[in-house]
Amino acid sequence: MIKQYSLAYLTVYGCAPPEMTYIAARTGYDFVSLRLIPMGVPGEKSYLPEDKEMISKTKTALNETGIKVLDLELARIVDDVDTRSYIPAMEAATDLGAKHVI
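Those letters in the sequence shown? Residues 1 to 102, by the working numbering.
Right, here's the structure in full:
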């Protein structure tokens, strides 16, 4: 069985998805795990799925490198979260070929 590896968002905290994709390719990863759902952490950079230019640059990076999107981080299911707010992120993740949601 061949082992494959995904570069987690927190490993390169603050990197935009396109940059993260190029880093993954240069360092031998097979996948990236993208955070398109902000966690509300003070000082956290947000890479919103509505940012069409960022999504386009991410697609370009994925196509140029052969890296795939393994999962979308972090869809919390708790009382004070309207899960419908995750729809744009899930649509963008689908568009980028993501396999899973964490």
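The beta-carbon is built from N, C-alpha and C at its ideal position, and this holds for glycine as well.
For my contact list, residue i and residue j are in at a C-beta cut-off of 8 angstroms; report their separation, rounded to the angstrom.
i	j	result
lysine 68	aspartate 30	7 angstroms
alanine 16	methionine 54	6 angstroms
aspartate 71	valine 101	6 angstroms
valine 32	leucine 7	5 angstroms
Please say whether residue j and residue i have beta carbons closer to each other than 9 angstroms?
i	j	result
tyrosine 47	leucine 34	yes
threonine 21	leucine 62	yes
threonine 65	alanine 24	yes
proline 88	threonine 60	no
tyrosine 86	isoleucine 37	yes
DSSP three-state call for residue i: helix, strand or coil?
i	result
aspartate 62	First, the amino acid is wrong: residue 62 is leucine here, not aspartate. Three-state DSSP puts leucine 62 in a helix.
aspartate 71	strand
leucine 36	coil
leucine 7	strand
Excluding five sequence neighbours on each side, which residues of the same chain lie with their C-beta closer than 8 angstroms to the C-beta of residue i?
i	result
aspartate 95	Ile55, Lys59
For residue i, which residues in the same chain have their Cβ closer than 6 angstroms to its Cβ, ignoring the five residues on either side in sequence?
i	result
proline 49	Leu36, Pro88, Ala89, Ala92
Per DSSP, residue i forms a beta bridge with which residues?
i	result
valine 101	Leu72
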